[in-house]
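Count along the sequence shown from 1, add 398, and you get the number used in this note's numbering. Ideal Cβ positions, reconstructed from N, Cα and C, are used throughout, including at glycine. Being a predicted model, the structure only gives us computed values, none of them experimental.
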Amino acid sequence: MLFAYVAFSAIWVYPEGILSLRSGKHHAPTMNYNTYLKNYPDKDGRFGVYGGAMLPPELIPAFEEISMAYQTICHSSQFINELRRIRREFQGRPTPIYHCERLSNKIGACQIYVKREDLNHTGAHKLNHCMGEGLLAKFMGKKRLIAETGAGQHGVALATAAAFFGLECEIHMGEIDIAKQQPNVQRMKVLAAKVVPVSHGLKTLKEAVDSAFESYAKNYKDSIYCIGSALGPHPFPLMVRDFQMCIGVEAREQFLEMTGMLPDAICACVGGGSNSIGLFAPFLADDVTIYGVEPLGRGTAMGDHAASMTYGEKGIMHGFESIMLMDESRDPAPVYSIASGLDYPSVGPEHAFLHDLGRIKYETASDDEAMEAFFKLSRYEGIIPALESSHAVAFAMKKAKEMGTGSILVNLSGRGDKDLDYVIEKYGDGSQFMD
Ligand SMILES: Cc1ncc(COP(=O)(O)O)c(C=O)c1O
């Protein structure tokens, strides 16, 4: 199965002429989703008007090298079999789907299901692409993995991949996130990763990306930059999507087997967009409504949220073109979310494309709604979700009420152990969120 979707989506075939894309948002050309994964991104890493690779000249060969190496290994049965073995024996895949009956019954008749990415080794979906990136680094003869992290989940997953493959690891993390996500910082250190604190700007995810990029530019000959989401310059949006698609491929099969049909709706939280595109891509050709859930934080004012797709516009940042939140000077705007893994001022280019096509709807959940979902999923189902994933659960709870019947599948991208100290300090026993 893995071979099929890794190789299939990595073959760059030119668009077949069924598209008539124009730049700008809210334009909806006709699209054949049965051939979509074959056609996007195109050979330049473009999803319509988004994506690409806007790089300083010295880094162009480095990204071309990564791109060519990926094209080679994604067709290699040796690589694919090794990744399959790692997923089964080391990661604990496939992760199950679970029917949240008690939570559903508290809301009404619509049934909520969760895809348990929190049960992945290291506690989140991030390991899905990190093990792939680690294997790629090994193939390329690199000795160091470099990345940024927000919530620390990508950092922990990459440090784990580095330990597994016997590579060095350097993780850049904003000082605010370091203070908020201490358990993950300790885990990275135990795994022998070098954690580089980032103390400029808002000291969160965007600054961590700047810092990791800078370090990679100095060390690209012996290192590989393992971007933590389905964004950045080509080929990362493609590679991360391919590696994360195990979520949706498994979920589609499991849901059919469990219920005899597909869900009416699926949803996932959107930071940079990796767990969500991993769930969504295998459902694109189905009659299933798809929702990406962005963080509304404290409210709609600039600086109080990180809902890039909802409030952003087309721009360029960190080497790719997408929808992003910008200030009047078109610099990345300050962003905020209670979930450190969601406070990024942009989103992967494929999301921007699918948004404009109208295939995915983007909605928001606030800090308070996410906290209510955090406590309700914990107390009604015995599952403590990550604050990032709590945004998707919050939306599913809202939507289930609105739908009244049918089913909704939520990607539970990670577990909440990393968030406990922060949550308890800020919200106490959470009784204010229970009915
Ligand atoms: C558990 C979890 N879910 C979701 C995200 C958001 O990232 P993405 O949108 O790439 O899935 C993060 C990021 O750190 C995370 O840790």
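Would you call residue i buried or exposed, if buried means 16 or more other Cβ atoms sit within 10 Å of its Cβ?
i	result
Q584	exposed
N437	buried
D577	The question names Asp, but residue 577 in the sequence shown is Ala. The residue in question, A577, is exposed, as its Cβ has fewer than 16 Cβ neighbours within 10 Å.
A699	exposed
T602	buried
G717	buried
R728	exposed
D833	exposed
N503	exposed
R486	exposed
I822	exposed
L654	exposed
R639	buried
D685	exposed
R483	exposed
D741	buried
E456	exposed
M659	exposed
L636	buried
L818	exposed
P458	Residue identity differs from the one stated: residue 458 is Ile in this sequence, not Pro. The residue is exposed, with fewer than 16 neighbouring Cβ atoms inside 10 Å.
Am I right that residue i and residue j are in contact with their C-beta atoms under 8 Å? What's the rounded C-beta distance?
i	j	result
P783	G814	5 Å
G710	L723	5 Å
E568	K541	Not quite, the Cβ-Cβ distance comes to about 11 Å (not below 8 Å), so this is no contact.
G550	D575	7 Å
E566	S597	No, E566 and S597 are not in contact; Cβ-Cβ is about 23 Å, not under 8 Å.
G564	S627	With a Cβ gap of about 25 Å, G564 and S627 do not count as contacting.
F477	L533	6 Å
L481	G521	Contact doesn't hold; Cβ gap of about 20 Å is too wide.
M643	G676	5 Å
E786	A737	4 Å
Mind checking whether the beta-carbon of residue i lies closer than 8 Å to any heavy atom of ligand 1?
i	result
Q551	yes
C624	no
S502	no
H519	no
K524	yes
S674	yes
T547	yes
C665	no
L740	yes
A784	yes
A649	no
A628	yes
S346	As shown, the chain starts at 399 and ends at 833. That puts residue 346 outside it, with no answer to give.
S744	no
G671	yes
V588	no
S811	yes
V668	yes
Suppose the cutoff is 6 Å on Cβ atoms and the five residues either side in sequence are ignored; what does the same chain contact list for residue i look like?
i	result
C528	A555, L556, A559
F445	Y438, P439, P747, E748, F751
I544	E568, A610, S613, Y614, S621, Y623
Y820	K578
E414	Confidence is the limiting factor: at E414 the pLDDT is only 26, short of 50, which leaves the residue's position unreliable and the question unanswerable from this model.
P581	K816
G804	C508, D662
S674	A666, V668, G690
I758	I688, G690, L752
M538	A467
A405	Here the model assigns A405 a pLDDT of 34, short of 50, so the residue's position is not dependable and the matter cannot be decided.
S407	Bear in mind that a pLDDT of 34 at S407, under 50, signals an unreliable position, so the model cannot answer this.
R650	P680
V607	E546, H716
P365	Examination of residue 365 is not possible in this model, given that the chain is present from 399 through 833 alone.
Using C-beta distances below 8 Å, list every residue in its chain close to residue i, excluding the 5 sequence neighbours before and after it, in chain order.
i	result
L525	Q489, N518, H519, A555, T558, A559
M452	P631, I714, G717, F718, E719
R696	D702, H703, Y734, S764, D765
K536	F563, L565
E463	M538
Excluding sequence positions up to five away, which residues of its chain have a Cβ less than 7 Å from the Cβ of residue i?
i	result
Y496	Y511, V512, R514
G506	A798, K799, G802
S421	Since pLDDT at S421 reaches only 34, below the 50 mark, its modelled position is unreliable, and no value is offered.
S776	I782
C498	I510, Y511, V512, E779
TODO: Enumerate, from N- to C-terminal direction, the unbroken beta strand (DSSP E) stretches of 3 or more residues contained entirely within the region 610-691.
DONE: 621-623, 663-667
- [ ] Let me know the alpha helix (DSSP H) ranges lying completely inside the region 706-782, each 4 residues or longer, listed in chain order.
- [x] As far as the region 706-782 is concerned, its whole alpha helix (DSSP H) runs of at least 4 residues are 706-709, 747-755, 765-779.
Task: Contained alpha helix (DSSP H) runs [length at least 4] in the region 537-575, N- to C-terminal order - done: 551-563
Task: Every unbroken alpha helix (DSSP H) within the region 478-546, with a cutoff of 4 residues, ordered by chain - done: 499-505, 524-538
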